[in-house]
Amino acid sequence: MIGSIVKVTIDRPLGSRHPNHDDIIYPINYGYIEGIIAPDGEEQDAYVLGVDTAVKEFTGKIIAIIHRYNDVEEKWVVAPVGTDFSDEEIAKQVHFQEQYFDYVIKR
Numbered sequence: 002m003i004g005s006i007v008k009v010t011i012d013r014p015l016g017s018r019h020p021n022h023d024d025i026i027y028p029i030n031y032g033y034i035e036g037i038i039a040p041d042g043e044e045q046d047a048y049v050l051g052v053d054t055a056v057k058e059f060t061g062k063i064i065a066i067i068h069r070y071n072d073v074e075e076k077w078v079v080a081p082v083g084t085d086f087s088d089e090e091i092a093k094q095v096h097f098q099e100q101y102f103d104y105v106i107k108r
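If you count the sequence shown from 1, position 107 lands on 108 in the working numbering, and the numbers rise without skipping.
See the structure below:
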């Protein structure tokens with residue numbers, strides 16, 4: 002999957018609050034890949050990095066996969082074509098949500 006171009010439908014835009022946890026505010030755009038079902042039975046979730054405004058959808062390249070050891074699902078990391086982020090940069094940007102999980106960033 003890494004290197005694939007995907008369209009992310011954003012259902013939690015930058016600056017929005019988590020639907021179940023008011024204390025979590027999304028510092029990045031977050032959404033799902035329509036038509037790809039993840040192991041949790043829902044559409045595949047994706048973080049969008051490198052976009053500094055709230056958007057409704059985004060087409061970009063999968064640059065990494067966040068594999069959670071203590072959860073059934075993985076999160077895809079999508080960025081504009083031609084950009085990349087180090088593992089440290091990815092971890093910093095997704096910390097708001099991934100801090101609750103034991104995970105590794107796969108390339």
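Glycine is no exception: its CB is placed at the ideal position from the N, C-alpha and C atoms. It should be emphasised that the depicted structure is a prediction, and the values quoted were computed from it without experimental measurement.
- Asp88 is classed as exposed because its beta carbon has fewer than 16 other beta carbons within 10 Å across all chains shown.
- Taken atom to atom, the span from the alpha-carbon of Val7 to that of Asp85 is near 15 angstroms.
- For Ile26, DSSP records a beta bridge to Arg18.
- Its Cα nearest to that of Ser17, the residue Tyr27 stands out among Val9, Asp103 and Tyr27.
- In the DSSP assignment, Val105 falls within the unbroken beta strand (DSSP E) covering Tyr104 to Lys107.
- Put simply, the backbone Cα of Tyr48 is about 15 angstroms away from that of Gly4.
- C-alpha of Gly36 to C-alpha of Gln45: approximately 8 angstroms in a straight line.
- In the same chain as Gly51, and ignoring 5 residues on each side of it, the C-beta atoms closer than 6 angstroms to its own belong to Ala80, Pro81 and Thr84, in chain order.
- Sixteen is the threshold: when 16 or more other Cβ atoms of the shown chains lie within 10 Å of the Cβ of Gly32, as they do, the residue is buried.
- Secondary structure remark: continuous alpha helix (DSSP H) runs of at least 4 residues inside the stretch 65 to 100, in chain order: 88 to 99.
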